[in-house]
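J.: Numbering (my numbering), first residue to last: -1 to 318.
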Amino acid sequence: MKFLRFTCLLLFVYLITSDSLSAGFPRGTNLSLPLFYPGIEKQQLSSLDTLPAHTIDSSDTSVNYGRLELTGAAFFGSMAVIHIYQQNGWWKNNRTRFHFQEDLIYGLNVDKIGHFYGADLLAFVIRKTLRWSNVGENEALWLGSGGALLFQTYVEVEDGFSTWGFDRVDFASDVGGAAWPLLQHYYPLLQNFNLRLSYHPSSLLGTTGGRGFKGQKHLMIDDYEGQTLWFCLKVHNILPGAVRNIWPEFLNLSYGYGARDVAKPHPYRVYFIAPDLDMTKIIPQTSSFLVTLSEALNFIHVPLPAFRFYPRPALYGVYF
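In structure tokens, the structure reads:
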């Protein structure tokens, strides 16, 4: 159930679908969707057709089955690898009858937020690979969210047959994360709010402390102490017209949440506030490759100064 497994999948599929590796394929793909708007004006809220499309060849609307087979094989192959990894790490020595069980203590809900983030990220990966294959925008959007939820549900069911149990709070987070791209599409105002991730190795990494793999050491994917989830706000888009002209369009604000000492008797929460960057306003939106790259980078909180305001105030010159 560890959401960072999707990061590796994102990078793998992204490399496959990059322009540099697809020179030999027929072109005709619009990789941009009205999920990430350059700016939400009042008149845009009533229509989803006002976003300029980054189209390579809008005349070709047929599905590219060669690309679809390639990305499908890469996707299902990655899922198989993830299954084998989790089977050997989480489920192998922990099989029980199916049961429900919630864990609201370990990780101080960093994992719960991570389920939302992971489902959202996986939906993005599936949607982009489908668009690279020239699947229609709406179809790719719904299939992306549906595929993400399907895989997350499968993992939860497997957990249900293990010691951890089917965690209904985890599943609710999965549903929310998979539905988030759909909500952003049909309610454009929500495109001003997104989750991002930053990570730095903690003392838990490489140890067997806390709850984790039986017989295996903690990896990055379940190093909750090193993960920080950021709630990112596109400030420019929500400011009144007069003030909006002053605030840089690329500059966002993020509210960070993390946990410390998760494997010790007294774990505690930490909260941050930091500037953030909208990479779609920094990277030129002149090609499908750059559009996809900028949208993918918007899932990551780039290293920037940060202020920790709880439990003890601290200023970081660079925090990641």
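The C-beta atom is built at its ideal place from N, Cα and C for all residues, glycine as well.
Bear in mind the structure is a predicted one, so any value in this text is a computation, not a measurement.
1. For K279, count neighbouring Cβ atoms within 10 angstroms of its own Cβ and tell me buried if that reaches 16, exposed if not.
2. How close, in whole Å, do the beta carbons of G144 and Q99 come, if the pair is a contact with beta carbons under 8 Å?
3. Could you check the C-alpha separation between R306 and R267 for me, to the nearest Å?
4. Determine the contact status of G158 and Y115, defining contact as a CB-CB distance below 8 Å.
5. Beta-carbon within less than 6 Å of S196's beta-carbon, same chain only, minus the 5 sequence neighbours each way: which residues are those?
6. Judging by CA-CA distance, which residue of Y63, G224, L313 and D101 is the nearest neighbour of R166?
7. Would L193 be called buried (16 or more neighbouring beta carbons within 10 Å of its own) or exposed?
8. Is the stretch 103 to 117 in contact with the stretch 257 to 264, if contact means three or more CB pairs nearer than 8 Å?
9. Could you say if the stretch 130 to 140 and the stretch 175 to 191 meet the contact criterion of at least three C-beta pairs nearer than 8 Å?
10. To the nearest whole angstrom, what separates the beta carbons of Y269 and Y308, a pair I think is in contact under 8 Å?
11. Quick check on P186: does DSSP put it in helix, strand or coil?
12. So, helix, strand or coil for A21, using DSSP?
13. Please state the DSSP three-state secondary structure of N235.
14. What are the partner residues of T290, as DSSP defines its beta bridges?
15. If I follow the unbroken beta strand (DSSP E) through A312, where does it start and stop?
16. Tell me the DSSP secondary structure of V260 in three-state form.
17. When the distance is taken between beta carbons, is T127 closer than 8 Å to F73?
18. Could you spell out where the beta strand (DSSP E) holding D274 opens and where it closes?
19. DSSP three-state call for T278: helix, strand or coil?
20. Between L231 and L249, is the Cβ-Cβ spacing less than 8 Å?
21. Cα separation between E67 and A121?
22. So for Q85, helix, strand or coil by DSSP?
23. Using only alpha-carbon positions, find the residue among D168, L141, G142 and W140 that is nearest to T151.
24. For G112, is the classification buried or exposed, using 16 other Cβ atoms within 10 angstroms of its Cβ as the cut-off for buried?
25. Should Y222 be labelled buried (16 or more other beta-carbon atoms within 10 Å of its own) or exposed?
26. Could you give the uninterrupted runs of the alpha helix (DSSP H) lying entirely in the stretch 56 to 136, keeping only those of 4 residues or more?
27. Over the uninterrupted beta strand (DSSP E) stretch that includes P309, give me the two end residues.
28. Here's the rule: buried if 16 or more other CB atoms are within 10 angstroms of the residue's CB, otherwise exposed. What is S285?
29. Please classify L195: does DSSP put it in a helix, a strand, or coil?
30. Specify the secondary structure class of P303 as computed by DSSP and reduced to three states.
31. Do you know how far the Cα of Y63 is from the Cα of G315?
32. What number of angstroms, rounded off, separates the C-alpha of I219 from the C-alpha of I244?
33. Taking buried to mean at least 16 other C-beta atoms within 10 Å of its own C-beta, is P179 buried or exposed?
34. Buried or exposed for A272, going by 16 or more other Cβ atoms inside 10 Å?
T.: Checking against the coordinates, here is how it stands:
1. The Cβ neighbour count for K279, taken over all protein chains shown within 10 Å, is at least 16; the residue is labelled buried.
2. About 26 Å separates the two Cβ atoms, so there is no contact after all.
3. Distance between the alpha carbons of R306 and R267 is about 11 Å.
4. Their beta carbons are not under 8 Å apart, which means G158 does not touch Y115 by this criterion.
5. If we look at S196 and ignore the five residues flanking it on each side, its Cβ neighbours are T226, H299 and F318.
6. Ranking Y63, G224, L313 and D101 by Cα distance to R166 puts D101 first.
7. With a threshold of 16 other beta carbon atoms within 10 Å, L193 meets it and is buried.
8. Yes, the stretch 103 to 117 is in contact with the stretch 257 to 264.
9. Yes, since at least three Cβ pairs between the stretch 130 to 140 and the stretch 175 to 191 fall closer than 8 Å, the two stretches touch.
10. Right, their Cβ atoms sit about 4 Å apart.
11. Of the three classes helix, strand and coil, the one that applies to P186 here is helix, per DSSP.
12. Because A21 carries a pLDDT of 35, less than 50, the predicted location of this residue cannot be relied on, and no value is offered for it.
13. Helix, per DSSP.
14. Partner(s): none; T290 has no beta bridge.
15. Per DSSP, A312 belongs to the beta strand (DSSP E) from A312 to Y317.
16. Shown here, V260 sits in coil according to DSSP, grouped into three states, outside any helix or strand.
17. Yes, the Cβ-Cβ distance between F73 and T127 is below 8 Å.
18. Run containing D274: Y266 to L275, per the beta strand (DSSP E) assignment.
19. Reduced to three states, the DSSP call for T278 is helix.
20. Contact flag unset, no.
21. Separation of E67 and A121 (C-alpha to C-alpha, rounded to the nearest whole angstrom) is 18 Å.
22. Per DSSP, reduced to three states, the secondary structure at Q85 is helical.
23. Nearest C-alpha to T151 among D168, L141, G142 and W140: D168.
24. A residue is called buried once 16 or more other Cβ atoms fall within 10 Å of its Cβ, and G112 is buried on that count.
25. Burial call: buried.
26. If only uninterrupted alpha helix (DSSP H) runs of at least 4 residues are considered, those enclosed by the stretch 56 to 136 are 63 to 84 and 108 to 130.
27. For P309, there is no enclosing beta strand (DSSP E), as DSSP gives it neither H nor E.
28. Looking at its Cβ environment, which holds fewer than 16 other Cβ atoms inside 10 Å, S285 is exposed.
29. In the three-state DSSP reduction, L195 falls in the strand class (E or B).
30. P303 falls in the strand class under three-state DSSP.
31. Between G315 and Y63, the C-alpha separation is close to 48 Å.
32. I219 and I244: Cα-Cα distance of roughly 40 Å.
33. So P179 ends up on the buried side.
34. Residue environment: A272 is assigned as buried (16 or more neighbouring CB atoms within 10 Å of its CB, all protein chains considered).
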